[in-house]
Structure formats: C-alpha cells, structure tokens
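Trainee: Got a structure here, written out as structure tokens. Questions coming.
Given below as structure tokens:
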C-alpha cells in the first residue's frame, strides 16, 4: 500500500493528463438533458447604453480618502498574512498546530514547515435527474500567494451510459485572500472547456471564476465549500458548487458532500435547469 501511494504521488500529474486525453476523445452525437438545458439558456446580447456621471463634491473626496486609507491597512495585513506563512505537510500533523504558522511565532517551534502546499482529490457523484460522474482536482500554492487550480469533470447521463458522456476541463490559478488555521479563502480564475458529446452544443471556451473556502475547526474534521461561475457565448452560464465535510486520516481526507450544477441565462440570471446530488471521495495533501 505504501508503494502504491508513493507511486501515485510521484506520477499523478502524468496520470491526470493521460486521463484527460482519453476522456476528451469521446465525441459521438448528443441530445441529452444537459444539452437541452444549454440550448434553452441561449439568448442574443442586447446593446445597452451606460450613462456615467461625474461628481466633484467635497463629500466624495472625503469618502475616497477614507477608502484609500482602509485599503492601505488591508494591503499591509494581506501582505503579512500571505508572505510570511509556512505550511506543514498536511492539516493536524502536529499537536497545537493545525496547518500553518507565521514568522516569529512560537507555536510548536520544532514543527517542520515549507513555503508551498498542494492537494489532489478524486470523487464520484450522483445528480438526481441527470446522472453520475467523476471529479478530479489538483490545486496548491507553489508560492504562498498563488498556485495552480486544475479540475476535470466527467458526467454520464443516466439511461444512456455510452451515448451521453461528456466532460468539463478547467485550467487556471488561485490567489490567496486569507490564510489562517481556522479558515482559508482563495479566489480562482480558470479557462473552461466542455468536451465530448456536449461540444457540439457548447462549442466555445469560457471563463470560470470561483472561490474556495476551507475550514479546520478541530482535529480530525475539515470542511470545504468551493463554487465557480462559468460564462460562455450566447449568454449561457453554468454554476457548479460543492459543500463537503471530511475526516483526516494522516495526510488523507475522506469526504462526503452536496453537489449542485446549474445551467441558465446570464443576461437575466434566470436558471434553466438545476441538479442536486451527493458526492464522496478522497483528498491527499503534500
């Protein structure tokens, strides 16, 4: 078993791209539940005139000065919070130290720390009225403020396992907003592309914006909420959310959660179809 996990940690990136290559080859004709929702969400973008007004009142100048002052304070806090943080190999590895420590702190001085952190997870989910799927995620901070955030989602619609399989690959980066031993928050920007059967309907690449919240209240519990908003041509949007709870077994986290997937029109923010379901998987930290 130890040799297996050592092989997995050494070769997981190669395995990821091999998996993406093979799943991206699925290209048969498609007319399923998800495709119908995308078609119904399309609309033409109407040009709208925006009126801008300029005010030079003294009250606005005072407000701007206060905003600048508060922004400077927030900037100093953000700099210290993110540029001086160090990580252990995984959460709850040491007593009296959840996951992170900062320069000049006396918390567990013998703990071995590093300036980067990573995790990889694989999970399976079931969405009512849509089907089953698999979700892989590799993320981290190779420098305390920024790092990769790669995801690959594969969905097989129920009743047509072979004919209606498609996926979504999202490649991008995350920027640290807040880091602490209780809660961490990162913002995510990604390039998004749907492949497989759905590519005949959703042909364009899109932009995905999201956030990742992680909460470590006490050993061995961990909670996560990650969501993203994807924007495509013809005002089609997709919303993806996962709220999960996990238990740590050394560097491995076993988690279960609630997953939501929604398709709609971004012009009027009207959802066309929403699916809910359950998700379960494993995450490894290194």
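In mature numbering (1 follows the signal peptide of the UniProt record, and there is no 0), the protein residues as written are -29 to -1, 1 to 257. Note that CB positions come from ideal geometry on N, CA and C, so glycine has one too. Keep in mind it's a predicted model, so treat the numbers as computed, not measured.
So does residue 137 have its beta carbon nearer than 7 Å to some heavy atom of the ligand GDP?
Mentor: Absence of the ligand GDP from the depicted structure is noted, as is the absence of any ligand whatsoever, leaving it without description.
Trainee: What does the alpha-carbon distance come out to for the pair residue 154 and residue 181?
Mentor: 17 Å
Trainee: Less than 8 Å between C-beta atoms, sequence neighbours within five positions excluded: which residues of the same chain meet that for residue 99?
Mentor: 246, 247, 248
Trainee: DSSP state of residue 101, grouped into three classes?
Mentor: coil
Trainee: Kindly give me the distance between the Cβ atoms of residue 222 and residue 60, rounded to whole angstroms, as I take these residues to be in contact under 8 Å.
Mentor: 6 Å
Trainee: Name the DSSP beta bridge partners of residue 196, please?
Mentor: Residue 196 pairs with 184, 214.
Trainee: Nearest by alpha-carbon distance to residue 204: which of 192, 174, 198, 191 is it?
Mentor: 174
Trainee: Between the Cα of residue 256 and the Cα atoms of 109, 48, 49, which residue gives the shortest distance?
Mentor: 109
Trainee: At which residues does the alpha helix (DSSP H) containing residue 144 begin and terminate?
Mentor: Where residue 144 is concerned, there is no enclosing alpha helix (DSSP H), although the beta strand (DSSP E) it sits in stretches over 136 to 149.
Trainee: Output the distance between the C-alpha atoms of residue 171 and residue 69, rounded to the nearest integer angstrom.
Mentor: Here the alpha carbons of residue 69 and residue 171 stand approximately 47 Å from one another.
Trainee: By DSSP, does residue 189 sit in helix, in strand, or in coil?
Mentor: coil
Trainee: Alpha carbon to alpha carbon, how far is residue 48 from residue 158? Give it in angstroms, no decimals.
Mentor: 17 Å
Trainee: When DSSP labels each residue in this structure, what does residue 37 get in the three-state scheme?
Mentor: In this structure, residue 37 counts as helix in the three-state DSSP scheme.
Trainee: In angstroms, rounded to a whole number, what distance separates the CA positions of residue 128 and residue 5?
Mentor: 8 Å
Trainee: Round the Cβ separation of residue 240 and residue 202 to the nearest angstrom and send it over; I've been treating them as touching at under 8 Å.
Mentor: Between residue 202 and residue 240 the Cβ distance is about 12 Å, and since that is not below 8 Å, they are no contact.
Trainee: Closer than 6 Å by C-beta to residue 215: which residues in its own chain qualify, once you throw out the five before and the five after it? Chain order, please.
Mentor: 195, 226, 228
Trainee: Given this structure, state the Cα-to-Cα distance separating residue 124 from residue 63, to the nearest angstrom.
Mentor: 29 Å
Trainee: Since residue 9 is in the alpha helix (DSSP H), which residue starts that stretch and which ends it?
Mentor: Its alpha helix (DSSP H) spans residues 4 to 11.
Trainee: Shortest alpha-carbon distance to residue 116 belongs to which of 146, 140, 103, 163?
Mentor: 146
Trainee: Less than 8 Å between the C-beta atoms of residue 90 and residue 118, yes or no?
Mentor: no
Trainee: Whose C-beta lies closer than 6 Å to the C-beta of residue 165 among residues of the same chain, with five residues either side of it excluded?
Mentor: 139, 173
Trainee: Would DSSP call residue 61 helix, strand or coil?
Mentor: coil
Trainee: Going by the CB atoms, is the gap between residue 149 and residue 52 shorter than 8 Å?
Mentor: The answer is yes: Cβ separation under 8 Å.
Trainee: Can you give me the start and stop residues for the beta strand (DSSP E) that residue 72 sits inside?
Mentor: 71 to 73
Trainee: Tell me which same chain residues have a C-beta within less than 8 Å of the C-beta of residue 253, skipping the five on either side of it?
Mentor: 92, 93, 94, 223, 224, 225, 226
Trainee: Going by Cα to Cα distance, which pick from 156, 187, 137, 188 is closest to residue 167?
Mentor: 137
Trainee: Between the alpha carbons of residue -3 and residue 144, how many angstroms are there, rounded?
Mentor: Per-residue confidence for residue -3 stands at a pLDDT of 45, beneath the threshold of 50, marking its modelled position as unreliable; no derived number is given.
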